[in-house]
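K.L.:
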C-alpha cells in the first residue's frame, strides 16, 4: 500500500511521511476523498479555516507542487495528484490506500457472516482491523480532516464490535478481556462495547466484575449525559444478576425437528450487502417480524430463504415456509388454511387441529411459545392475511414477503428491495450462462442486463434463454431486446415470464388504478409527477396522488421523492402494451393531448423567466385544457425545468410520433431559452430539428422560420458556423416573404453575429444597419436595444472600442425604458469592456465587477465567461499572472456551462497566455497546441490565429525559426478575419528580423 491514513499519515509503503503541515493537510483531504475532485474552496478551508490569506490559491498550488516532488522521492508517481479546473484529486489504485483495503475487507467479512461462516468471518474481520496503526490521521489538527477522520474511526469501532460478537459466539471470551477492557476505557460511552465486556466477564465466571462494569457505565451515563443505560444493556444486567450467563460447557444445538425451508438457490447473487444488513439488524434489535417488499421479480423470496438459512443457528428448533399465493393465478390462501398447513409442518396431527380459526391461531402460538423458530410467510396478499399468522413467542422470527407494502401491520420492520446494480446483474447473468460466455462478450452482456432493467427475474430468464441456445451469442439476445421488439416477449422461459408476473400485480389494484397505470404508459420521460398523471387520467391532483399511492404500494411504481415517480423499464413496457390496445385508442388520443397541452403551458410559464428576446412576438398558445393543473402550486421556474428537462424533450418527440405537429414545434420553441442559457445544446439541436420537421409538415412558414432561427443558436454555440448561417439565411428569406418586418430584423441581427464570428465584421455591421432601419420604421424600440447589443459586441471584436462605447451608452440609456434587465446588464458589460480597452483604469474595472455580478445573477454563463476573461487579461497586463490564471479558469468553467465551444477555445488561449506570463512556458505551449487542434477542427479561425500567436510567443526564445513560422500563419488568419491582433503580430515578426 502506497498510502496510509489508518493511523499517522504514511506515504510510499513504509514509515515515510510528509512533514510540512499544510502539505499534510492537503494530502489528507485528497486521500479521504480518493478518486473524487476536492474543490479548491474545501482545501483552502481545511488548511486555513476561518482566515485564508488573499494568496491562498497560489499557496495551495505550491503545496501540490511540493507534494508531487516528495512523491518522486518516495517512488510514488507524481501524477497521482491530478489537477482539474475545479480543484485537485488523488487517483489511487484499488490496493494503494489502507482505508479502501479495510472497507473491502469488512464487506467480505460481513458477507461471510451473512452466509453463516463464523470462523471465516472472524479471520477476515481481524485481518481488516490489523491495518489500523492508531486513530485515523492522528497528528493533523485541521477541523475538516478531523471530522472525516472521526468517521473512519467510527467504522473501525463498528467492525471491532461485529468481530467481538462473532468471537463471543465462538467461545473466545477469555481472549477478549484485555482488548475489551482497553476499548471501554477509550470509549466509555459506547454501550455495545460495555455490553460485550460484561458478556465476556460473565462467560468466564466473573459475574461480580461484569456487574461492576454495568454500575460504572450507569454512573457515567447519568453524569455525562443525564440518561439511564439503554434497554438492551439493562436487560443484560438483569440476566447477569439472575445468573443466566454463568459459565457452562459449550452448548450443543439440538437436532432440529422441523426443516421445511425450500432449497436456497446456488447462484444467489447481488444481495450480500442487504443480507448482511438484515442479519445485523435482526441480531442487534431483536427483530421478531421482518417485512420484505418489492416489485415482481426482484428476488424477495430468494432473499427471504437465504436470510432464514443464514439464521438457522439462532433458530434451531424449526424452519417453516408457506406460499400464501397473494399474487398468483390461485386464490390467496386464507389465514385458517395457512395455520393448518403450518401446524402440520410442526408435526401436529390433523385430528388435533381445531376447525375454528381463532383456536388454530391459539394452538399455533402455543406450539411456538418455547421454540426458537424462523417462519417464512411468502407472497402475502395483505396485512389482514398475515396478521393471524404472527407468533407471539420472543424466540421466533417471522419473515414476510409481499409485492405490496403491508402498511396495516402493527409490528414489523419494513425493507423494500431494489433492483440489482450493474455489476451484480452481470454476476448473476454469468452464474446462469457461464463466466466464459460473459467474459467473451462483456459489452453485450452489460446491454442484456441493462435491457432487463437489472431485475433478477428478468436476468434469470434472459440467461435461461441463452443457456438453452448455446449457438446464440449474447449479442444476438441483446439485439433482440433492443431491436424494437417487445422485451417482455423475449423474457420467457417455460411457464415463467416477466410479463405474467407484472400482470398478476396489475390485477390486484382497483380499476381506477389500473386505468391510471395504463395511461402512464403514454408518458415518454424517465420520471413523471402527480401533475402529469392527473393530466393523463383527467382526474384531480388529489385523486391522482391517491391512485399513484396505490400503484406504489403494489410496487408497480416507485415514488422517488414526494410527488415524483418512475417506472421500472420493464414495468413501463407492460403499461405501454396495455395502452396500445386498439380498444382504448380514443382514450389514448385524448390523454396525449391533455398531457401535451398542460406541459406546453407549464414550459411557457417557466421559460418566460429566461426569455430575453425582444424582437420576436409571443406565439399563440392553445387554450388550457386543465387550467387547475397549470395554476396549482407555485409557478414553475428554472428548478422545474431542470427536473423535467428530459421529459419535455421526450414529449416533443412524442408529439411528432402522435401527429400533434403544432404541439411539437410549440413545445420546442417554448423551451428554447432554457436549453440555450443552460448549455444543453445537443438537446436544443435535436429538439428544434424535430420541431422543424413538424413545422414543415404543417406548411407553416412562420414556424419554419422560428425553428431555423433557434436551430442556428445551437449551431452557433457549437461553433458549427456554416450550419448556423445556412439556417439564418433561410429564416431571413421566409421573414421577407411573410412580410414579418420585426421578425426579419431579428433574423438580420442574429445573422450579423454569425458573420462577425467567421470574420466578416463589415458584412455583419451592414446586417445590423438593415435591422436598425426596419425597427426604427416600425417604432420597435425594444428591438433597437437588442441590435445595439450585437453592434457593440462586433465593434469590440473588430478593435473599435471608442465606437463600441458610444453604441453601448445609447444601449444603456434606451434599455432603461424599452429593454429588459438582461439588455441593461449587457450594456453595462460592453461599457466596461470598452472603457478597459480605452485605458480608463480603475473605474472600468469597477464597472466590469458590477456587470459580472449581475450576469452571474441572471445565469448568463457566456457573459460571465466573457467578463472573467476580460478581467484576467487586465490582471495579466498589470503584472498579476497568478490572479489572471484563476480568472481564466473560472471563465473556462462558465463557457463549459454555456456549452460555447468557441468561448472555451478563447478561454484556454487566454489561460495559456497567463501561464506563459507566470513562468510556465511548457504548460502554455501544450495548452495552445490543444486549442489549435480544437479550433482547427471547429473552424474557429480567430482562435486558431490566437493559438498560433501563443505558440510563437512560447517558442520565441528557444526556437525563433519555428516562432516565425507560427506568427506568419497567425498573421494570415488574422487578416482573413479582420482582427485587430494583426498589428501586434506584424510588430513581433519585425522584431525577429
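Residue numbers (this note's numbering): 212 to 1204.
All C-beta atoms, glycine included, are put in the ideal place defined by N, C-alpha and C.
Computed from a predicted structure; not experimentally measured.
Would a C-beta distance cut-off of 7 Å place residue 1005 and residue 972 closer than the cut-off?
P.N.:
yes
K.L.:
To the nearest angstrom, how far is it from the Cα of residue 665 to the Cα of residue 483?
P.N.:
16 Å
K.L.:
Can you tell me where the beta strand (DSSP E) holding residue 349 begins and where it ends?
P.N.:
Segment: none, residue 349 is in no beta strand (DSSP E) and carries neither H nor E.
K.L.:
Hey, out of 377, 1140 and 437, whose CA is closest to residue 410's CA?
P.N.:
377
K.L.:
Using the C-alpha atoms, what's the distance from residue 490 back to residue 512?
P.N.:
16 Å
K.L.:
Looking at residue 962 and residue 913, is the spacing between their C-beta atoms short of 7 Å?
P.N.:
no
K.L.:
Within 10 Å of its beta-carbon, does residue 438 have 16 or more other beta-carbons around it, so buried, or fewer, so exposed?
P.N.:
By the neighbour-count criterion, in which a residue is buried when 16 or more other Cβ atoms sit within 10 angstroms of its Cβ, residue 438 is exposed.
K.L.:
Can you tell which of 302, 260 and 612 has the C-alpha that lies nearest to the C-alpha of residue 246?
P.N.:
Taking only the C-alpha atoms, the option nearest residue 246 is 302.
K.L.:
For a quick check, are the C-beta atoms of residue 258 and residue 228 less than 7 Å apart?
P.N.:
no
K.L.:
Is it a yes or a no for the stretch 979-990 touching the stretch 1022-1030, going by three-plus beta-carbon pairs under 8 Å?
P.N.:
no
K.L.:
For residue 255, which residues from the same chain have a beta carbon less than 8 Å from its beta carbon, with the 5 sequence-adjacent residues on both sides left out?
P.N.:
Its chain contains 263, 267, 268 and 271 as the residues whose beta carbon lies nearer than 8 Å to that of residue 255, once the 5 sequence neighbours on both sides are disregarded; these appear in chain order.
K.L.:
Can you list the beta strand (DSSP E) stretches of 3 or more residues lying completely in the stretch 484-544, in chain order?
P.N.:
500-505 and 529-534
K.L.:
Helix, strand or coil: how does DSSP classify residue 1054 here?
P.N.:
helix
K.L.:
Return the first residue and the last residue of the beta strand (DSSP E) that residue 1083 is part of.
P.N.:
Boundaries for residue 1083: no beta strand (DSSP E) harbours it, while the alpha helix (DSSP H) harbouring it runs 1072-1088, taken from the DSSP string.
K.L.:
If you follow the beta strand (DSSP E) that residue 402 is in, where does it begin and where does it stop?
P.N.:
No beta strand (DSSP E) contains residue 402, which is instead part of the alpha helix (DSSP H) from 402-414.
K.L.:
Do you know offhand how far residue 283's Cα is from residue 260's?
P.N.:
When rounded, the distance between both Cα atoms is 29 Å.
K.L.:
Using a 10 Å radius around the Cβ and a threshold of 16 neighbouring Cβ atoms, would you call residue 901 buried or exposed?
P.N.:
buried
K.L.:
For the alpha helix (DSSP H) that contains residue 932, what are its first and last residues?
P.N.:
932-949
K.L.:
Taking just the CA atoms, how far does residue 395 sit from residue 217?
P.N.:
20 Å
K.L.:
Within the continuous beta strand (DSSP E) that includes residue 223, where are the two ends?
P.N.:
No beta strand (DSSP E) contains residue 223, which DSSP labels as neither H nor E.
K.L.:
Mind reading off the beta-carbon distance from residue 519 to residue 587? Whole number of angstroms is fine, and I expect it under 8 Å.
P.N.:
Residue 519 to residue 587, Cβ: 5 Å. Contact.
K.L.:
Return the chain-ordered list of same chain residues with a C-beta closer than 8 Å to the C-beta of residue 391, the five sequence neighbours on each side being excluded.
P.N.:
375, 404, 407, 408 and 411
K.L.:
According to DSSP, residue 625 sits in a beta bridge with which residue or residues?
P.N.:
502
K.L.:
Taking its Cβ as the centre, do 16 or more other Cβ atoms sit within 10 Å of residue 230, making it buried, or is it exposed?
P.N.:
exposed
K.L.:
What's the C-alpha gap between residue 1073 and residue 878?
P.N.:
25 Å
K.L.:
Taking the C-alpha atoms as reference points, what is the distance between residue 527 and residue 385?
P.N.:
Between the alpha carbons of residue 527 and residue 385 lies a gap of roughly 26 Å.
K.L.:
If we count Cβ pairs, one from each stretch, closer than 8 Å, do we get three or more for the stretch 1077-1084 versus the stretch 847-867?
P.N.:
no
K.L.:
Check residue 417 in the structure and name its three-state DSSP category.
P.N.:
It is coil, neither helix nor strand.
K.L.:
On the premise that residue 582 lies in contact with residue 558, defined as a C-beta separation below 8 Å, what is that separation, rounded to the nearest angstrom?
P.N.:
That pair is no contact at about 11 Å.
K.L.:
If you follow the alpha helix (DSSP H) that residue 587 is part of, which residue opens it and which one closes it?
P.N.:
Note, residue 587: premise wrong, no alpha helix (DSSP H); beta strand (DSSP E) at 584-591.
K.L.:
Name the residue from 574, 623 and 578 whose alpha carbon lies nearest to the alpha carbon of residue 598.
P.N.:
623
K.L.:
Could you give the residue range of the alpha helix (DSSP H) that holds residue 340?
P.N.:
329-340
K.L.:
When we look at the beta-carbon of residue 612 and count the other beta-carbons within 10 Å, is it buried (16 or more) or exposed?
P.N.:
buried
K.L.:
What separation, rounded to the nearest whole angstrom, lies between the Cα atoms of residue 960 and residue 978?
P.N.:
7 Å
K.L.:
Classify residue 1097: buried if its beta carbon has 16 or more other beta carbons within 10 angstroms, exposed otherwise.
P.N.:
Residue 1097 is classed as buried because its beta carbon has at least 16 other beta carbons within 10 Å across all chains shown.
K.L.:
For residue 610, report the span of its beta strand (DSSP E) as first-last.
P.N.:
607-613
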